[in-house]
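First up is the structure itself, then whatever we jot down about it.
Protein chains in written order, with the numbering used here: chain A, 18 to 206; chain B, 5 to 196.
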């Protein structure tokens, strides 16, 4: 009787050990790419002490870091067998039906922006400094930010993580609501 | 009896014309440039939503849209005022409709705009109208139309940044422009 129990326990252990470990290969590869970009963005942030270019560089860095954090959370969940699910306004999030189409569109948009970036960087290289130089650097930084935003959307969509956008806080009871004022609309313009 | 009727009629016309001339004198809602914070406050039937020494803010609706009303003051003189759209849309292209609705009512009141333009800073979505709202939210596309009256510059603007869109109708005083400019320069210098 004791031997049967031993065999049964070993079989259960063996089966549990052979179960499918969720693959984190793709998520790892995406995090790896993000790490490279974060390294580059960090170096750019350190190049500027203040001003518009510093703000733009910081926005890009923060966007990349938040994307990485979301992917890391998902990865940890997969590795530890903790299913991570997301609820938006109390409803469970599920990926849109046209996910693959959206991913394709986002990928194409990013490719187009990368072409724009090459052009912008080429133009920027023509200037050693001055106002035109600063303006062309601003253009480069803006395109880089656009790429980081779209990459964030693409990666979150790819890994079934909802994209959170900041919405205005819902009005509290003591807050004033939007009330019309007497009179014709045209007189208010 | 006839004399009494005459007096009543003259009185009626006087009141009517005074009202009419006063209505025409307003620069924004029931206010005129140079008014003090207290005067602007008394002109608004709404409750103040935000107040400091340079700003008075209210919440209201115009042409069926929720808007913030902001009055800007320099040295207790009204120099600028704005309607800022407070609506949110799932389809960002709907902001273009809002912008056009404001343009329509402004055109009805002030005539054809002096300037009516859209600027593409980045052509990524130019060929795809369904993404123009996204283009605005990313700062790729800006809309601007403007009007001018004897005392006022009026701008209807639609622009965006970091996926947020702002639709603003702004009124500014021509005569008090210099005062505002000087105050801004002083503020900028004080920051150093």
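Glycine included, every Cβ here is placed at the ideal spot set by N, Cα and C.
Output yes or no for whether 8 Å exceeds the beta carbon distance between residue i and residue j.
| i | j | result |
| --- | --- | --- |
| residue 80 of chain A | residue 166 of chain A | yes |
| residue 143 of chain B | residue 159 of chain A | yes |
| residue 66 of chain B | residue 45 of chain A | no |
| residue 118 of chain B | residue 91 of chain B | no |
| residue 153 of chain A | residue 137 of chain A | yes |
| residue 178 of chain A | residue 96 of chain A | no |
| residue 88 of chain A | residue 52 of chain A | no |
| residue 181 of chain A | residue 170 of chain A | no |
| residue 169 of chain B | residue 141 of chain B | yes |
| residue 37 of chain B | residue 194 of chain B | no |
| residue 70 of chain A | residue 155 of chain A | yes |
| residue 148 of chain B | residue 121 of chain B | yes |
| residue 63 of chain B | residue 40 of chain A | no |
| residue 126 of chain B | residue 133 of chain A | yes |
| residue 106 of chain B | residue 160 of chain B | yes |
| residue 102 of chain A | residue 109 of chain A | yes |
| residue 120 of chain A | residue 174 of chain A | yes |
| residue 183 of chain B | residue 11 of chain B | no |
| residue 197 of chain B | residue 73 of chain A | The structure shown has nothing for residue 197 of chain B, since chain B only spans 5 to 196. |
| residue 46 of chain B | residue 80 of chain B | no |
| residue 162 of chain B | residue 206 of chain A | no |
| residue 168 of chain A | residue 84 of chain A | yes |
| residue 59 of chain B | residue 44 of chain B | no |
| residue 82 of chain A | residue 55 of chain A | yes |
Residue range of the beta strand (DSSP E) that residue i falls in?
| i | result |
| --- | --- |
| residue 86 of chain B | 81-89 |
| residue 73 of chain A | First-last for residue 73 of chain A: 69-96, but that is the alpha helix (DSSP H), not the beta strand (DSSP E). |
| residue 69 of chain B | 69-78 |
From which residue to which residue does the alpha helix (DSSP H) around residue i run?
| i | result |
| --- | --- |
| residue 150 of chain A | 147-175 |
| residue 4 of chain B | With chain B covering only 5 through 196, there is no way to say anything about residue 4 of chain B. |
| residue 135 of chain A | 116-142 |
| residue 188 of chain B | 181-194 |
| residue 137 of chain B | 136-141 |
| residue 201 of chain A | That residue, residue 201 of chain A, is in no alpha helix (DSSP H); it is neither H nor E in DSSP. |
| residue 59 of chain A | 42-64 |
Could you tell me whether any non-hydrogen atom of the ligand HEM is closer than 7 Å to the CB of residue i?
| i | result |
| --- | --- |
| residue 170 of chain A | Within the structure as shown, the ligand HEM is missing, as the structure has no ligands at all. |
*Compile a chain-ordered list of the residues in the region 142-169 of chain B whose CB is closer than 9 Å to at least one CB of chain A.*
Among the residues of the region 142-169 of chain B, those with a Cβ less than 9 Å away from any Cβ of chain A are 142, 143, 144, 158, 166, 167 and 168, in the order of the chain.
*Interface residues of the region 104-137 of chain B facing chain A [CB-CB below 9 Å]*: Listed by position, the residues of the region 104-137 of chain B near chain A (Cβ gap below 9 Å) are 106, 109, 110, 112, 113, 114, 125, 126, 127, 128, 129 and 135.
*At a cut of 8 Å, does the region 147-157 of chain A reach the region 115-128 of chain A through at least three beta carbon pairs?*
Contact between the region 147-157 of chain A and the region 115-128 of chain A is absent, because fewer than three Cβ pairs lie under 8 Å.
*Could you tell me whether the region 73-87 of chain B touches the region 172-181 of chain B, using the rule of 3 or more Cβ pairs below 8 Å?*
Taking 8 Å as the limit for Cβ pairs, the verdict is that the region 172-181 of chain B does touch the region 73-87 of chain B.
*asked:* Assess contact between the region 149-166 of chain B and the region 51-63 of chain B, defined as three or more Cβ pairs (one per stretch) separated by less than 8 Å. Is contact present?
replied: Judged by Cβ distances under 8 Å, the region 149-166 of chain B makes no contact with the region 51-63 of chain B, as fewer than three pairs qualify.
_Does the contact criterion of 3 or more C-beta pairs under 8 Å hold for the region 25-44 of chain B versus the region 70-80 of chain B?_
Yes, the region 25-44 of chain B touches the region 70-80 of chain B.
*Could you run through the region 64-75 of chain B and flag, in chain order, every residue whose CB is less than 8 Å away from some CB of chain A?*
Taken in chain order, the members of the region 64-75 of chain B whose beta-carbon sits within less than 8 Å of a beta-carbon on chain A are 64, 65, 66, 67, 70 and 71.
_Chain-ordered residues of the region 124-148 of chain A with a beta carbon less than 8 Å from chain B_ = Under the 8 Å Cβ criterion, the region 124-148 of chain A contributes 126, 129, 130 and 133.
*Can you give, in chain order, each stretch of the alpha helix (DSSP H) that sits fully within the region 27-55 of chain B and has at least 4 residues?*
Here the runs fully enclosed are 41-47.
*Uninterrupted beta strand (DSSP E) stretches inside the region 90-172 of chain B (no shorter than 3 residues)*: As far as the region 90-172 of chain B is concerned, its whole beta strand (DSSP E) runs of at least 3 residues are 119-124, 145-152 and 156-165.
_Positions along the region 34-57 of chain B whose CB lies within less than 7 Å of some CB in chain A_ = Correct list: 49, 50, 51 and 53.
*Are the region 95-107 of chain B and the region 124-138 of chain B touching by the rule of at least three beta carbon pairs closer than 8 Å?*
In short, these stretches touch, since the Cβ pair count reaches three.
*Mind checking the region 92-125 of chain A against chain B and listing, in chain order, the residues whose C-beta falls within less than 8 Å of any C-beta there?*
For the region 92-125 of chain A, the set of positions with a beta-carbon nearer than 8 Å to some beta-carbon of chain B is empty.
*asked:* For the region 74-93 of chain B, list every residue whose C-beta sits within 9 Å of some C-beta in chain A, in sequence order.
replied: Those would be 87, 90 and 92, in chain order.
*Please name the residues in the region 35-64 of chain A whose beta-carbon is closer than 8 Å to at least one beta-carbon of chain B, in chain order.*
Near chain B, meaning a CB-to-CB distance below 8 Å, no residue of the region 35-64 of chain A qualifies.
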